[in-house]
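Q: Quick note on numbering: the sequence shown equals residues 1 to 192 in my numbering.
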Amino acid sequence: MEDKKVIIYTCAKEIFSTKGFKDTNISEITKKAGMAVGTFYNYYPSKEKLFMEIFLDENAKLKQACFQSLDLEQSPMDVIGQMLELNVNGTKNNPILREWYNRNVFEKLEQMFREENGVESVDFLYDNFLELISLWQKQGKMRTDIDSKMIMMVFAAIINVDTHKEEIGIDYFPELLHLMTELIMASLMDCS
Numbered sequence: 001m002e003d004k005k006v007i008i009y010t011c012a013k014e015i016f017s018t019k020g021f022k023d024t025n026i027s028e029i030t031k032k033a034g035m036a037v038g039t040f041y042n043y044y045p046s047k048e049k050l051f052m053e054i055f056l057d058e059n060a061k062l063k064q065a066c067f068q069s070l071d072l073e074q075s076p077m078d079v080i081g082q083m084l085e086l087n088v089n090g091t092k093n094n095p096i097l098r099e100w101y102n103r104n105v106f107e108k109l110e111q112m113f114r115e116e117n118g119v120e121s122v123d124f125l126y127d128n129f130l131e132l133i134s135l136w137q138k139q140g141k142m143r144t145d146i147d148s149k150m151i152m153m154v155f156a157a158i159i160n161v162d163t164h165k166e167e168i169g170i171d172y173f174p175e176l177l178h179l180m181t182e183l184i185m186a187s188l189m190d191c192s
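#1: With respect to the alpha helix (DSSP H) encompassing Cys66, which residues constitute its N-terminal and C-terminal limits?
#2: State the CB to CB distance for the pair Arg143 and Asp78, rounded to an integer number of angstroms; the pair is presumed to be in contact (CB under 8 Å).
#3: Out of Leu130, Glu28, Ala60, Asp162, point me to the one whose CA is closest to Met153's CA.
#4: Quick one: grab the DSSP three-state call for Val122.
#5: In three-state terms, what does DSSP make of Arg103?
#6: What number of angstroms, rounded off, separates the C-alpha of Ser46 from the C-alpha of Leu72?
#7: Taking the straight line between their C-alpha atoms, what separation do you get for Leu109 and Glu48?
#8: Do Ile96 and Glu58 have their beta-carbon atoms positioned less than 7 Å apart in this structure?
#9: Would you call Ala33 buried or exposed, if buried means 16 or more other Cβ atoms sit within 10 Å of its Cβ?
#10: Measuring alpha carbon to alpha carbon, tell me which of Phe21, Val161, Thr30, Leu132 ends up nearest Ile54.
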């Protein structure tokens, strides 16, 4: 039984990667999987639910790869800058994760998923980053008057600014993101 779920998941991931969420349908997935449409519903209640499972798995893999490639001996400013750059590039290079930028699609999916699974289920930042911030605070490298969870939300806000680059202006965006990150990190590292 579990093998069928894996086959559906794998086929859906392949089709979502080539056609995107909006242009993929359940009958296409089941055809590729060699199963009846009814079989799909034995494992997933909807295309949206399956896509979010794939998206969250891909996002977790990206965050893990980003974190593992960080040089944690650098200053917090450099580590955060590197993490943000790795995350943005990894998202842009993964067709499943690129759907994050398709706000018409993703806002609806994310809202549905949050309602069913809670806010924590779409918290895309890892606990080990929270631990790293706490360590920097203990080492005096980062302000302690701001809760480490609030600092994580500041980083999440920086990442989410990327979804508004058209409104900000594509010409200004890369430099703005860098400058904004630099200013925020300078403030967070001001332990005087």
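Quick reminder that beta carbons are idealized off the backbone N, C-alpha and C, glycines included.
Small disclaimer: the values here were computed from a predicted structure and weren't measured.
A: Walking through what the data contain:
#1: 47 to 69
#2: Their Cβ separation, rounded to whole angstroms, is 17 Å, which puts Arg143 and Asp78 out of contact at 8 Å.
#3: Leu130
#4: Note that Val122 has pLDDT 46, beneath the 50 cutoff, so the model's placement of it is unreliable and no number is given.
#5: helix
#6: 41 Å
#7: 6 Å
#8: In this structure, Glu58 sits near Ile96, with a CB-CB distance shorter than 7 Å.
#9: buried
#10: Phe21
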